[in-house]
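Worksheet: one structure, shown below.
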Amino acid sequence: MFRFVHAADIHLDSPLRGLESYPDAPVEQIRGAARRAFDNLVTLAIEEGVAFILLAGDLFDGDWKDYNTGLYFTHRMGRLREAGIRVFLVSGNHDAASSLTRALSLPDNVTLFSHKKPETKTLDELGVAIHGQSFAGRSVSEDLSRCYPQALPGLCNIGLLHTSLTGRAGHEPYAPCTLEGLVSKGYDYWALGHVHQREVVHAHPWVVFSGNTQGRHIREAGAKGCQLVTVEDGRITDVDFRELDVLRFALCRVELNGCERLDLVTDKVREAMERERRGTDGRPLAARVVLEGKSSLHEHIHRNEEKLREEFRAVAADLGDVWLEKFRIATRPLAQGPLEGDTPLTGLMQAVAELRLDSASLTELVPEFEALRSRLPAELLGEGDPFNPDEDGLAAVRDEVRDVLLARLGEGGDDH
Amino acid sequence: MIIKRLELKAYGPFSDRVLDFDSVLPGLHIVHGPNEAGKSSAMRALQALFFGFPLRTGDNFLHPYDQLLVGGCLRHADGGELCFYRRKKNKNDLFDAQDQPLPPDALAPFLQGLGQDLFASMYGINHETLVQGGQGILDQQGEVGQSLFAAGAGFASLKSVLAGLDADADELFRPRGVNKAITQALGHYKELQVRMRGVSLGSQEWQRQCRSVAQAEDELRLLTERRQEIGRHLHLLQRLSRSLPFLSQRRLLLEKLQAMGEVVPLPEDFDAQRRQLDEKLRAARAKLEGAQERLAELHGRQAAIGLNRGVLNLADDIEDMHLRLGEYRKGLLDHPRLEGMRIAYKTEASNLLRRIRPDLEVEQAESLRPGLAKRKTVQALGQRHEAVRQEVRQAEDRLREVRRELDGKQVELATLGHPADAASLVRAVNEVLKKGDLDAELGSRQDDLLRAKANCQAALQRLKLWNGTLEEAARICLPLPETVNEFEAALQTADEELRRLCGEEEKTVQTLAVLHRDLRAIEHAAVVPSETELLACRAHREQGWALLRRRWLDGDDVQQESALYAPGHPLPQAYEQSVTLADQTADRMYREADRVQKHAQLLAGIEAAEAALSELRERREVSQASKEELLACWREHWAGAGIVPLGPREMRAWIVNFEALCLQIEELVRIEADACAKESCRQQLRALLMQELALVGEGATLPGTSLGEALRRAQTVAERLRDGTTRRETLLKAVRELEAAAERAEAGVHNARLNLEEWRAAWEEALGFLGLAGSASPAEAADYVETIQECLAKLHEESELRKRLKGIDRDGQTFENRVRELAALIVPGAAGLDAALAVAQMKGLLGQAVREHAVWSRQEEEIALLGRQALNVREELRILEEGMAALRVQSRCADDECMTLAQRRFADYAQVRSKLDEVESNLAAIAEGGTLDDLEALAAGQDADALPGKIAALHTELEEEIEPRIRPLAEKVGQEKNELARMNGDDAAARIAEEMQEVLARISRMTDRYIRLRLAARVLRAEIERFRAANQGPLLAIASELFTRLTLGSFAGLRADIDEADRPVLIGVRQGGLLVKVEGMSSGTRDQLYLALRLASLEMRSRTMEPMPFIVDDILINFDEERSHATLEVFAAMAERTQIIMFTHQARIAELARSLGQEDRVFVHGL
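From first to last, the protein sequence lines stand for chains A and B. Be aware that the first sequence starts at 310, since it is given in this note's numbering, and climbs by one per residue. Be aware that the second sequence starts at 13, since it is given in this note's numbering, and climbs by one per residue.
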């Protein structure tokens, strides 16, 4: 009996995104999260006495150039070497794009599979054959698995592959392949990488995305880690998920139906955060608070957005290890506003509803936006360019503009 | 929407207060109440009714939160009504008149979907808003768009809103602003980028560094090795140079030792030992002599002392006698006093006994003691005596009291007779009460019936196309809605088809006309050559060429044929002409090809169009026929109901109205049935009551049919009967209780008397024991007992004293005997002495003997000590002698002189040996671990004179060549290694990257907010302008007229003008045509301007959509009488379409309103 670890998409030193720092935020607790998660992986492997580790691509982040990251990795590989643990890895699209991958000299316990054709490494003492092929470039559109050899008889066969399989939302369709194609190879376990969401695609034979080891933004919420696989008499007997992450992202939806007091909102937010925190097993939490529901507080919330943000941050700080990632208002008002007639307000609501983009960018509507847009870092102007929203984004902008206007005008008319 | 009624069921100071705003016209309703009357509470109640109670309210001072209740009735323009109530509850606070919950959005259709804030701003105005609105117009400098927009939405001013949006956006970012939040964050981001580049490590940089370190380390290693080699050599030479003088010294010393021969070795402290032993021997001998002299002296002194041992042996007895002597003397003194006391006690006892029993002697007194055993019983009986007598007296009093009360109650019961039973009557009354107020219900039902009937009739008359009665309406059979829809669709399709065909036909006719025109145009332009013409020309040319060829090449005669070919022309010329003609024709055709083609197309087009036209006409006729058929069928569907229908759409509306009427009729029938049922129920109940009344003898007749009067009579009778029965039961119960009490009192008297008898018997028995007569009183008995006790006590004292005297006599005798025996042993001549004197003499002898014995004992101790000391000193002398003998053996000498010589020789030897050791020790240090022989061997081959030269040369190489190079190289290696160590795989860059992400998150959030704020400002500005452009004309026209009326004609009107900054602004026009800007108006006038704009918006809105009630709160506070009057008139005029509810605390406003004299639309309600 022996065990091995399957992990993928480490993205070493890739920073956490979307966390705006503020006083009392648990800044130090989230620093170096990707590294600490990887340290957890190394510690787990040593403590569990695994035979080898499989890394299914995207060890580094594509545009990350600091060689210290590579040195850190070789140091950790050295620890595994002392413990007699071998490491097998294929490079993924990010690794292929990384300058670190090319410059790094790996210790002798680490095996990187060729990118020219599939290779097979046989571990005779364990009765294991590992098949793998690396990405040659950052974009691989052919089905790499097709050229993988058929299973070697009498051995436990493991396939190591960086792939989007038949396509997964939010992931580039690299090295596409089909489940049937993988199963037809006759392997016992397919260790897949690239998709950050953990997924057991198939059992017997096992086809598994281990997911990444550390969530990096709110779209990567939930527990992250690796698969600990047990092999007995050449057959997989257990596939167990182990948490490695040191910080967890969570979406806190706070339902405000029937809530009539602003201070109760804070209480509800605290409850939601506490509820989410209970599931993190002591890890710090990065929580996005979304206020929802139909409430008479809708306008008050919009008027007090900044104050509420500060309050929620205080609640997070009070809980100790919670970071308020973002605070979004998605509540709806009790009354829909004037329904008919040419009153100033119906006209105004109509005008907001008719905000459309004929051209690509909001700068067409408000030319002075260009002054800001031209100064923003490129990172903010790629996907999700605030000046160039898609249809959903524009709908959200419309809703918020409407709410801002109603809140401010209502405030002006509050004296009645 | 109109508020028909506001019910203040339980709110603020109100309980069950109703404000009825129901009137034919919407009306101006003045709600007047003086201060404190609850005007503000009423307005808050209206808000609570529409939008729910606020979480906390001060209006619970009379009714607690859970009792607060407001109600109301609203009417929609389409006739729909909603009567409902609202409680203060978190959920389901809305319910209808039947107490059934209503959905939370039940009011939405009435309130046009407005929330509380918007409703308040659009349809409410108070004095504060008015003043702020006036100020707002000034703030906006009369800008038309903003003024109209603000007044239209009920806002005071938009300036602050727009300014707020701009300011908040500017706070985030301005193109040239330095301290703006986003700009600062961007700066921070750039700074981090620079820092990031500083700490990032390129992979090539790392590899270069590794190589550099390795190279420097190699170089350093070589140099260090060379330095070590030179060092070693240098060290060796220096050692040799130091060792040479020591080697020669060593040789000399060794020779001297050899010359000394054998020497007896002595320990170092030999001399000291010897001297010490001599000294100790002398001291011991002196000590021994001293001890022996002292011993002899002590023995002499002891012989001089003689001890009296006889006295010492009896010392304890003598001391004992001496102690008892005091006691003996006291006994002799006490004896006479005690004897006197004994005689006195006896005399007293004898006196006491004589007082109670003169018949007895004192010695017989003891015979009375047994009687005392009963003294406790006598005491207890004596104490109970009074209690037993008291008990008898009380029991007799109680019995008398109870008997008197019982007699009284029995008399009262006899006077009260047997009243009649009221149970059946009460049951009947309850049954009637259970049915409720039937009289009132019946009245209200009949009112409902009349109203419903009138409504139905009115609706029936409004309904055109059909004449019949209400009863017939219920039975009439109309086409189904599906049929109507079907017909509508079918007719619409048919109409469309027809319209389409007509359109197409018209289009085709037009097309045909156009085609003909074009054809004519082409034909008029020129004749177009046809293909046939071209072929003919070419054939003619070919024919000419054949003839010419035959003549030219074959030499044929073609004269005839050529004449035929071209009469009048020679053949070549004719041929040339034919060639030219063919070419021209071809050229023309080529040139006119377009026209040719067009011509052909036009001809084809005309043919096709004509065919299409005729087909279209046929289809139109068919379509027309089918439509007629459809219409006939439609009319047939209605024939059954006797109705000539309009179009399906109109008839659908008609059916809806008709069905509404049917529902009303159904309601009417239901109400009628209900009223009948109620009436019959009332009659039954009344009969029941009268019957029950007759049964209890109260059956007098009652006028009318109402149930109420009969019920009241029955209730009174039942009440009276119930009271009589209750009183009798109370009396019976009291008599029964008193009889029982009388019995208990008699038993009490009997018991008390028995107790008294028992006591008397016990008393007599106890006294018999004591020897007293039974007739003695308790006090007498007590005195008797006391005297006996006292007498017996005195006798007891006397007997005690007698015993004590006897004891004293016995002790004295014993003591004297003992003293005599002792004195006989010690003082032979004391036999006749008094006991006391003998004891004193013995005590003196004992003292002397004790003192002498103490001196003797001290001397004995000293002798023993001296004996032990002498023994110890002799032992010490022996050990010292042995030590001296050992020293002689060690020095191999027989006497002291020889020993002194041996000591001197050994001292010389030791001195030489010590010097040699010193030299060898130095050499060993130089040899550094090697042997002295190795050193000798090394030194043997060396030239002592050459050594300094060699050493200097090596020093020079080391200092001038090696050392100067090593230090910088080592520093370089250190630096390079430091540099490499810095590249330790740390995460400094990653940390900065994380920080950059944090800044990016902030920038992203602020950018989003900036975009929304700017967009909001832009949309608002655009909308203000659009609203102005769309509404300025009509709004200003209305506002102008209102403004004139509100200012009592002080202004002739309002208009829009362009100011210096090219903005449209509001301008007031004076009667004389003078223009006044808003800045030039008084604040009161500006308030009226704002009011005029507000009212104009309402007025204009009421033309296109349903008007909402306008709630006015005391805005006339600062208006003078005339302007108030004018404002009320304006309100009254508007009240024809819009309901205006005005709350005021000013009585004069109510008066003014009444004085308007418009009873159909102006109403005053008091609070």
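Note that beta-carbon positions come from the ideal geometry of N, C-alpha and C, so glycine has one too.
Item to check | 8 Å Cβ cutoff met for A/L643 and A/S670 | outcome: no
Checklist entry - So with Cβ pairs under 8 Å, would you call B/M13 a contact of chain A? => result no
Item to check | Pairwise C-alpha distance: B/L425 and B/L743 | outcome: 6 Å
Checklist entry - Which residue spans inside the region 624 to 691 of chain A form an unbroken alpha helix (DSSP H) run of at least 4? => result 653 to 662 and 678 to 682
Checklist entry - What is the rounded straight-line gap between the Cα of A/G371 and the Cα of A/S448? => result 12 Å
Item to check | Status (buried if at least 16 other CB within 10 Å, exposed otherwise) for B/D346 | outcome: exposed
Checklist entry - Comparing alpha-carbon positions, which option in A/V437, A/T431 and A/F347 lies nearest A/R312? => result A/V437
Next on the checklist: Counting only beta-carbon separations shorter than 8 Å, does B/E1006 have a partner in chain A?
Outcome noted: The beta-carbon of B/E1006 is placed less than 8 Å from the nearest beta-carbon of chain A.
Next on the checklist: At 4 residues or longer, what runs of the alpha helix (DSSP H) sit wholly inside the region 881 to 939 of chain B?
Outcome noted: 908 to 939
Next on the checklist: Quick check on DSSP: helix, strand or coil for B/M1112?
Outcome noted: Helix at B/M1112.
Item to check | Proximal residues to B/I42 (C-beta, below 6 Å), its chain only, five neighbours per side dropped | outcome: M1154, A1162, A1165 and V1176
Next on the checklist: I need the straight-line Cα distance from B/D78 to B/N72, nearest angstrom please.
Outcome noted: 9 Å
Checklist entry - Along chain A, which residues have their Cβ under 9 Å away from the Cβ of B/D998? => result Those within 9 Å of B/D998 in chain A are N377, L380 and Y381.
Checklist entry - According to the neighbour-count rule (16 or more other Cβ atoms, all chains shown, within 10 Å of its Cβ), is A/Y381 buried or exposed? => result buried
Checklist entry - Got a sec: is the Cβ-Cβ distance from A/K374 to anything in chain B below 8 Å? => result yes
Item to check | Listed by chain order, chain B residues near A/A412 by CB distance under 8 Å | outcome: From the beta-carbon of A/A412, the residues of chain B found nearer than 8 Å are S215, Q216, W218 and Q219.
Item to check | Cβ pair B/I1015, A/L501 closer than 8 Å | outcome: no
Checklist entry - Does any residue of chain A bring its CB to less than 8 Å from the CB of B/A60? => result no
Checklist entry - Is it right to say B/H311 is buried, meaning 16 or more other beta carbons lie within 10 angstroms of its own, or is it exposed? => result exposed
Item to check | Selected residue, minimal CA-CA separation from A/G629, among A/L594, A/V599, A/E663 and A/T640 | outcome: A/L594
Checklist entry - Would B/E1010 count as contacting chain A if we go by Cβ distances under 8 Å? => result yes
Next on the checklist: At the 8 Å Cβ level, is A/S408 part of the contact set with chain B, yes or no?
Outcome noted: It does: the Cβ of A/S408 has a partner Cβ on chain B nearer than 8 Å.
Item to check | Residues that DSSP places opposite B/A1067 in a beta bridge | outcome: Looking at the sequence provided, one finds Arg at residue 1067 of chain B rather than Ala. Partner(s): B/I1079.
Item to check | Neighbour list for A/L740 in chain B, Cβ cutoff strictly below 7 Å | outcome: Chain A is shown from 310 up to 725; residue 740 of chain A falls before or after that span and cannot be answered.
Item to check | chain B contacts from the region 310 to 338 of chain A (Cβ-Cβ distance under 9 Å) | outcome: L321, D322, S323, P324, L325, R326, G327, L328, E329, S330, Y331, A334 and V336
Next on the checklist: Could you check whether the Cβ of B/N191 sits closer than 8 Å to any Cβ belonging to chain A?
Outcome noted: no
Item to check | B/C688 - containing alpha helix (DSSP H), residue span | outcome: Its alpha helix (DSSP H) spans residues P660 to L707.
Checklist entry - Taking 8 Å as the CB-CB limit, is B/D151 close to chain A? => result By this cut-off, B/D151 is not an interface position.
Checklist entry - Closest to B/Q458 by CA distance: which of B/V681, B/A575, B/A897 and B/Q285 is it? => result B/V681
Item to check | Of the listed residues B/H334, B/L950, B/G394 and B/G127, nearest to B/F62 (C-alpha basis) | outcome: B/G127
Item to check | According to DSSP, residues forming a beta bridge with B/M1154 | outcome: B/I42 and B/V1124
Next on the checklist: Quick check: B/A1064 and B/V1088, are their CB atoms within less than 8 Å of each other?
Outcome noted: no
Item to check | Neighbourhood of B/G154 by C-beta, 7 Å cutoff - its chain only, sequence neighbours within 5 removed | outcome: V1077, L1078, K1089 and V1090
Item to check | DSSP bridge partner residues for B/Q240 (one or two, in chain order) | outcome: B/Q240 pairs with nothing; no bridge assigned.
Checklist entry - For the beta strand (DSSP E) that contains B/C95, what are its first and last residues? => result E93 to R99
Checklist entry - Counting pairs of beta carbons, one from the region 656 to 665 of chain B and one from the region 438 to 458 of chain B, are three or more of them closer than 8 Å? => result no
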